[in-house]
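As structure tokens, the structure follows; a few thoughts come after it.
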Amino acid sequence: MNCTVTTERDENTQDYDFRALERKWAPVWDELRLFDSSVPGDTRPRKYVLDMFPYPSGDLHMGHAEQYALGDAAARFWRHRGFNVLHPIGWDSFGLPAENAAIKNGGDPRDWTYANIAQQRESMRRYGVSFDWDRVIHTSDPEYYRWNQWLFLKMYEEGLAYRKFSDVNWCPNDQTVLANEQVVDGHCERCGAVVTKKKLNQWYFKITDYADRLLDDLNQLEGHWPAKVLTMQRNWIGRSLGADVDFEIEGRDEKVTVFTTRPDTLYGATFMVVAPESDLAAELAADASAATRERFASYLDEVRSLDSIARQSTERPKTGLFLERYAVNPLNGERLPVWAADYVLADYGHGAIMAVPAHDQRDLDFARAFDLPVRVVVDTTQPVTGVIPVIPEDGSLPEFEDLHPSVTGEALTGEGRLTNSGPLDGLSKRNAITRAIEILEERGTGRPAKNYRLRDWLISRQRYWGTPIPILHGADGVEVPVPEDQLPVLLPDAEGLDLRPRGTSPLGGDAAWMAATDPTTGAPMQRDADTMDTFVDSSWYFLRFLSPKDDTQAFDPAEAEKWAPIDQYIGGVEHAILHLLYARFITKVLYDLGYVTFSEPFSALLNQGMVIMDGTKMSKSKGNVVKLSEELETYGVDAVRLTMMFASPPEDDVDWADVSVAGSVKFLARAWRVANDVTSEPGADVQRGDLALRRQVHRFLSEVGPLASSFKFNVVIAKLMELTNAVRKAIDSGPGAGDPAVREAAEAITVVLDLFAPYTAEDMWEKLGHEPGVALVKWPEPVPSLLREEQAKAVVQVNGKVRDVLQVSPSIGDGELEKLARESANVVRAIGDKEIVKVIVRAPKLVNFAVKG
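Numbering (numbering that gives the first Met the number 0), first residue to last: 0 to 852.
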């Protein structure tokens, strides 16, 4: 496609050439440093606008184009509104893709990473995003990951970083562990491989200590974060209220604690289930018969091959194994057989449950599969209000037998009153829960408790390209933190290391790097061979932007006090749980340690939609990938950015098959020529300008400010197009190019257009006679007097003859205008006693009464 667009009119002006504009203005912006947020003495109020930083996996794509166009529009808007805007960029540059690429190509992850960063950086600069390029960070730089290690040590000092043996999620393809949040429907979130379980000694951050605060503080974000994200975080934390109940296991000194949300149903427990992969299951099976031990080992292998989603599905047939042991119900002393079953997970509660099959569907399915007792203890046929029913002494309910879960196969989960439950009989569910906990506390066999779906954050990774963990290990198992003055613990060179995944970290293969000494005693020690989850890098990066060149501290608390928390954060909803939850957690830790004065990092969050093609996500396999580089070459940066913002509200997906980038080029050419055609001088007396055009300009200004502040950029662009057309008409057939109102309109268009098409806007600003730097021009304010509605003249006719002229509002409706016309004295006299057979109303200009007689 030709990169120039000509008009239908014969104009003695240069054609709009987006390539020429990009070449012309990019170096000027670099020289002017318009977006430097660190100018000494700057007294403007501050705004911190942040786009989620990218991973450097190749050049920018269409998703990047949308996100950075959106973030830049917000940043530019607030600059125009008089704010000093911090809008930084960096790269989340550690991680598996670089390491896997190095393995495939026989290179160094550094080479792949920094080559991609250079490519993306060049593309970003071309894309015209108003980043402060003096604040760039790369998380794979030692200058950055040194402070990851500092953060780890602070967590370690506070008891928030710890190491333990546990069954972890294992990706057999990437040969590394995954946090629970990185497992999606049983598959590795990054590569899609089926996740298995493996027992390893791993590092964790104790995020569960902050579970209540992470949940409760979401209330602060209501109305400022998308409701969907708040719901996802609440569900992931998953707080449940109930009781911890202590069960004795016959032949075992230590009691087993079970968490339950329904202590009221204790009398309905007929067996206990433990997670097969738990230490308790292994212990109990070890004392069973040889045959059971053999079956347990086989069953455990089977369970480890399953993902947690499948294990908990109500659709899946239940499997299990009796461990030849019995627990004792602490309320009624009944012996309960102990089973290992795959529908119970080791990381839920305490890894064991009391099974109440009459009132839990999975327990019921298991009981029916293995012919275990089903005892109803909540009579759902009885109301929970009114008179307490009389329960027969034997607890039987003859009229209830046809509804028994053992017959129907459906658990009774509704409200009702307790039955077959001794001292709880006749109580409603709520009162029975309270009374059951009281009884447990009186007997010393239970207590109120909370449980969470959230698990501690597993940060160990068995890969090379990440932050080394700053802990030394002695032969006797002692752990010694690396002193802060010895940070960073640098990654060794990749040359000579075997980076291929094999279940242990490649760092362990570098004997020279692994060898260390105790900083106090000088005794030989070994470094920790694992690296940190890259979500550690991104959990606090927004703070490093505040003082990226400071080599004395992770960030300057004084700068954090000036700029943070982030006023507007922009990125994809795919980070709703992982990144956002971790960033909130680390911010709260830093708050508790006194490094920041706020406990939530992102005051407002905007999730942009996806860029799709023909109704589906772009993918190479579907052959529907649109290359950003090709779109930029064909249409130019401004047209692509404008198209992204005009296509839909930011939260919605943009289907590239439905947009017209060529149409955006034509509009930009039209706007550019408006500025080119203006002949009045800067500072012309607008009071002498065309009043009708001025009114239109100021109505436009009164509307687009609120629209832009609420991210309704597509509507702003629509109004830009309307005003541009009006100015073009004014130049061609109205007051003319020399009218001061035309200049006023052209300047308003230019400033607002800067949000979306900075190259075109900058050139228009120059053509209008101003110095470069339209990005810093104050947003034009509407003049209140020009917003008052002018009066329209409404002609009133009777049988086509003018009988009156009314002064009315231009926005008057047909009904109101007809009413005023009927009330006109001149019209009343003209009609007299004649019959009105027809009324024609064309508000606000005309009313005609057709009469006869």
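All C-beta atoms in this analysis are idealised placements derived from N, C-alpha and C, irrespective of residue type, glycine included.
Quick one: grab the DSSP three-state call for residue i.
i, result
"Trp-778", "coil"
"Gly-853", "It is not possible to answer for residue 853, since the shown part of the chain is limited to 0 through 852."
"Glu-398", "Low confidence applies here, because Glu-398 scores a pLDDT of 47, under 50, leaving its location unreliable; read the following figure in that light. Glu-398 falls in the helix class under three-state DSSP."
"Gly-385", "The pLDDT assigned to Gly-385 is 41, lower than 50, so where the model puts this residue is not dependable, and the model offers no usable value."
"Ile-839", "strand"
"Met-644", "helix"
"Trp-338", "strand"
"Tyr-144", "helix"
"Pro-467", "strand"
"Glu-409", "coil"
"Val-664", "helix"
"Val-176", "strand"
"Glu-10", "Interpretation of Glu-10 is limited by its pLDDT of 42, a score under 50 that renders its predicted location unreliable; the figure taken from the coordinates is listed afterwards. Reduced to three states, the DSSP call for Glu-10 is coil."
"Thr-230", "helix"
"Glu-392", "Only weak support is given to the placement of Glu-392: the predicted model assigns it a pLDDT of 49, under 50, and the question is left unresolved by the model."
"Phe-365", "helix"
"Leu-845", "strand"
"Ser-459", "strand"
"Val-624", "coil"
"Gly-94", "coil"
"Pro-600", "coil"
Between the beta-carbon of residue i and the beta-carbon of residue j, is there less than 8 Å?
i, j, result
"Val-850", "Ile-835", "yes"
"Pro-487", "Trp-512", "no"
"Ala-431", "Leu-423", "yes"
"Val-244", "Gly-445", "yes"
"Ala-493", "Pro-96", "no"
"Ser-56", "Phe-93", "no"
"Leu-577", "Phe-541", "no"
"Leu-240", "Met-353", "no"
"Ala-528", "Leu-471", "no"
"Trp-655", "Met-609", "no"
"Glu-761", "Val-776", "no"
"Ile-569", "Leu-69", "yes"
"Ala-25", "Leu-498", "no"
"Val-48", "Trp-90", "no"
"Ala-474", "Pro-404", "no"
"Pro-285", "Arg-292", "Note on residue identity: the sequence assigns Ala, not Pro, to residue 285. The answer is yes: Cβ separation under 8 Å."
"Phe-601", "Pro-564", "yes"
"Leu-870", "Leu-805", "Any question about residue 870 goes unanswered here, given that the chain covers just 0 to 852."
"Ala-729", "Leu-754", "no"
"Tyr-463", "Thr-530", "yes"
"Arg-672", "Ala-756", "no"
"Asp-378", "Thr-418", "yes"
"Gly-704", "Trp-778", "yes"
In terms of residues, what are the limits of the alpha helix (DSSP H) holding residue i?
i, result
"Glu-478", "Premise fails: Glu-478 lies in the beta strand (DSSP E), 478–480, not in any alpha helix (DSSP H)."
"Asn-606", "Taken as a continuous stretch (DSSP letters only), Asn-606 belongs to no alpha helix (DSSP H), being part of the beta strand (DSSP E) at 604–606."
"Leu-874", "Since the first residue shown for the chain is 0 and the last is 852, residue 874 is missing from the structure and cannot be characterised."
"Thr-433", "428–442"
"Lys-23", "17–31"
"Met-123", "108–125"
I'd like the span of the beta strand (DSSP E) that includes residue i, first residue to last.
i, result
"Arg-238", "238–248"
"Arg-324", "319–327"
"Asp-166", "160–170"
"Leu-453", "Unbroken run through Leu-453: none, as it is neither H nor E."
"Met-353", "351–354"
"Lys-792", "791–797"
Counting contacts by CB-CB distance shorter than 8 Å, is residue i in contact with chain B?
i, result
"Pro-757", "Of the chains in the structure shown, none is chain B; there is only one protein chain."
Please determine if the region 451–463 and the region 206–221 are in contact, where contact requires at least 3 C-beta pairs separated by less than 8 Å.
-> yes
Is the region 692–700 touching the region 739–753 in the sense that three or more CB pairs, one from each, lie closer than 8 Å?
-> Yes, since at least three Cβ pairs between the region 739–753 and the region 692–700 fall closer than 8 Å, the two stretches touch.
Sequence ranges, beta strand (DSSP E) only - wholly within the region 535–589, length at least 3 = 567–570
Every unbroken alpha helix (DSSP H) inside the region 185–218 [4 residues or more] = 210–215
Where in the region 697–733 do unbroken runs of the alpha helix (DSSP H), each at least 4 residues long, occur, reported from the N-terminal end onward?
-> With a minimum length of 4 residues, the unbroken runs of alpha helix (DSSP H) contained wholly in the region 697–733 fall at 712–732.
Is it a yes or a no for the region 297–313 touching the region 338–352, going by three-plus beta-carbon pairs under 8 Å?
-> Segments in contact, yes.
Are the region 213–222 and the region 171–182 in contact at 8 Å, needing three or more beta carbon pairs?
-> Contact between the region 213–222 and the region 171–182 is not established, with fewer than three Cβ pairs separated by less than 8 Å.
Okay, do the region 456–465 and the region 190–203 touch, 3+ Cβ pairs below 8 Å being the bar?
-> yes
Pick out the complete alpha helix (DSSP H) segments inside the region 43–84, 4 residues or longer, and give them in chain order.
-> 61–79
Of all the beta strand (DSSP E) runs that stay within the bounds of the region 473–530, which reach a length of 3 or more residues?
-> 478–480, 514–516 and 523–526
Which runs of the alpha helix (DSSP H) spanning at least 4 residues fall entirely within the region 793–835, listed in chain order?
-> Entirely contained in the region 793–835, the alpha helix (DSSP H) runs reaching 4 residues are, in chain order, 813–822 and 824–830.
Could you tell me whether the region 580–599 touches the region 540–558, where touching means 3 or more Cβ pairs closer than 8 Å?
-> As far as the Cβ criterion goes, the region 580–599 touches the region 540–558, which means the pair count is three or higher.
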